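One structure below.
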């Protein structure tokens with residue numbers, strides 16, 4: 176839509192960083208599971224689960240800021256100029 180500007184680079188970098196964090200934490204969770212058993216025998220949630228949840232929440236907020244979610248796109252109205260039809264002369268009655 177031609178709406179991105181050079182000043183958006185830092186926010187896009189932050190979004191990319193958060194998405195990378197989600198990928199890394201997801202890999203850890205898939206490898207080690209969502210819970211672990213402590214030394215006392217209690218089952219506890221891994222800290223990576225909460226970290227991933229926070230990173231996903233922040234990434235979603237940034238995606239929304241850039242209009243990259245379905246709900247955000249439905250709220251954006253971009254005016255794209257209509258190109259002149261080179262065949263318009265043939266539509267006129269003779």
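In this note's numbering, the protein residues as written are 176 to 269.
Think of the CB as a built atom: it goes at the ideal place given N, C-alpha and C, for glycine as much as any other residue.
Since we're looking at a predicted model, the values are computed, not measured.
Three-state secondary structure assigned by DSSP to residue i
i           : result
residue 206 : helix
residue 258 : coil
residue 266 : coil
Per-residue burial, residue i [other beta carbons within 10 Å of its own, 16 or more giving buried]
i           : result
residue 257 : exposed
residue 195 : exposed
residue 245 : exposed
residue 230 : buried
residue 186 : exposed
residue 232 : exposed
residue 189 : exposed
residue 217 : exposed
Expected contact under 8 angstroms - CB spacing of residue i and residue j to nearest Å
i           : j           : result
residue 224 : residue 209 : 5 angstroms
Starting from the N-terminal side, write out each stretch of the alpha helix (DSSP H) that is 4 residues or longer and does not extend beyond the stretch 209 to 246. Segments of the alpha helix (DSSP H) lying fully in the stretch 209 to 246: 222 to 240.
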